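Each remark here refers to the structure printed beneath this line.
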Amino acid sequence: MKRLLSLLLVVCLMAVVFAAPAAAESCAAMHTVKAGENLYRIGLQYGVPWPSIAAANNLANPNLIYVGQVLCIPAAAGTPAPTATGPTPAPSPTATPTRTPTPTATGGAPVPTTPPFAIPTITIVAIVRNTSVTVQTANFPPNQSFNVTMGPIGSAGVGGYLAGTVDSGAGGVFTATVSIPTEMTNATAIAIRLQSSAGYYSYGWFYNTTFP
20 MKRLLSLLLV
30 VCLMAVVFAA
40 PAAAESCAAM
50 HTVKAGENLY
60 RIGLQYGVPW
70 PSIAAANNLA
80 NPNLIYVGQV
90 LCIPAAAGTP
100 APTATGPTPA
110 PSPTATPTRT
120 PTPTATGGAP
130 VPTTPPFAIP
140 TITIVAIVRN
150 TSVTVQTANF
160 PPNQSFNVTM
170 GPIGSAGVGG
180 YLAGTVDSGA
190 GGVFTATVSI
200 PTEMTNATAI
210 AIRLQSSAGY
220 YSYGWFYNTT
230 FP
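Start counting at 1 in the sequence shown, then tack on 19, and there's your number in my numbering.
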């Protein structure tokens, strides 16, 4: 008895899944569903809107079709197949974006909350071999004390020898001369770094040769 009920249940399920489509005479074509297909893709193949296919096959849930299911493809009625299934994309914003600093290889700093902001940089303007180096700053924050460190080329001055301290004063552009540490004497090239306790910094490098 249980086996008979199971067989009847399987037959009923197959009848539901593979229910015959609308009468063949009203179909322009018959399509057998393949793996990975949906009504939208099938409609594109035949130039028929997917809702028309769903209606022709009495599909209560257009998203539920099965591999091997035979679908009636109705004749196209001049209605173009849908070109998109998602919502209309939102227009691109037209507002001017907030100004953002562009990092450079010569320095960086925490971005303050009040724009505008520019990256602090240094330029080597004079060198006395094994003795001193003079730098000119740009975009430095005011009223901060900067430790000047020097180290091997490629180190960006990180973990280098302390060469002195520079006060930024009014900030912006100013010139400072610092001594070359004895540990870097006779080095061919030297990395230099200015960094404040607030996190502002700038770095560069120079050949240990008198200039200009």
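Backbone N, C-alpha and C fix where the C-beta goes; we use that ideal spot for every residue, glycine too. For clarity, every value in this text was computed on a predicted model and none was experimentally measured.
Under 8 angstroms between C-beta atoms of residue i and residue j
i	j	result
Val177	Val197	no
Leu58	Ile72	yes
Phe225	Ala208	yes
Ala165	Val185	The identity of residue 165 in the sequence shown is Phe, whereas the question assumes Ala. Result yes, Cβ atoms of Phe165 and Val185 sit closer than 8 angstroms.
Close Cβ partners of residue i (< 7 angstroms) along its chain, the five nearest in sequence each way excluded
i	result
Ala54	Val86
Gly223	Thr125, Ile141, Ile143 and Ile211
Ala179	Note that residue 179 is Gly in the sequence shown here, rather than Ala. So the qualifying residues of the chain are Thr168, Met169, Gly170, Ala210 and Arg212.
Ser111	Because the pLDDT at Ser111 is just 39, under 50, the model does not fix this residue reliably, and the value given afterwards should be weighed accordingly. No residues qualify anywhere along the chain.
Gly18	Given that the chain is displayed from residue 20 to residue 231, the structure contains no residue 18 and the question cannot be resolved.
Whole-angstrom C-beta distance between residue j and residue i, which should lie under 8 angstroms
i	j	result
Ala210	Gly170	5 angstroms
Ile199	Thr150	6 angstroms
Tyr219	Gln163	6 angstroms
Cβ-based neighbour list, residue i, same chain, cut-off 6 angstroms, excluding 5 preceding and 5 following
i	result
Gly190	Phe159, Pro160 and Pro161
Ala145	Thr153
Thr18	Limits of the chain in this structure are 20 at one end and 231 at the other, which puts residue 18 out of reach.
Ser174	Ala210
Ile172	Ala208, Ala210 and Trp224
Residue of the options minimising C-alpha distance to residue i
i	options	result
Ala94	Cys46, Arg60 and Ala74	Cys46
Thr230	Ala157, Val152, Phe193 and Ala74	Residue identity check: residue 230 is Phe in the sequence provided, not Thr. Among Ala157, Val152, Phe193 and Ala74, the Cα nearest to that of Phe230 belongs to Val152.
Leu181	Phe193, Thr194, Gln214 and Gly188	Gln214
Ala137	Ile146, Thr156, Ala75 and Ala145	Thr156
Cys91	Val192, Val52 and Val185	Val52
Pro81	Gly173, Gly179 and Glu56	Glu56
Gln64	Gly188, Ala48, Asn77 and Ser174	Ala48
Ser187	Ile172, Pro139, Ala175 and Gly179	Pro139
Val89	His50, Thr201 and Ile172	His50
Those residues which DSSP pairs with residue i across a bridge
i	result
Trp69	Answer by DSSP bridge pairing: none, since Trp69 is not bridged.
Ala157	Thr140
Gly170	Ala210
Leu63	Answer is none; Leu63 lacks a bridge partner.
Cβ-based neighbour list, residue i, same chain, cut-off 8 angstroms, excluding 5 preceding and 5 following
i	result
Asn227	Ile146, Arg148, Asn149, Ile199, Met203, Asn205, Ala206, Thr207, Ala208 and Ile209
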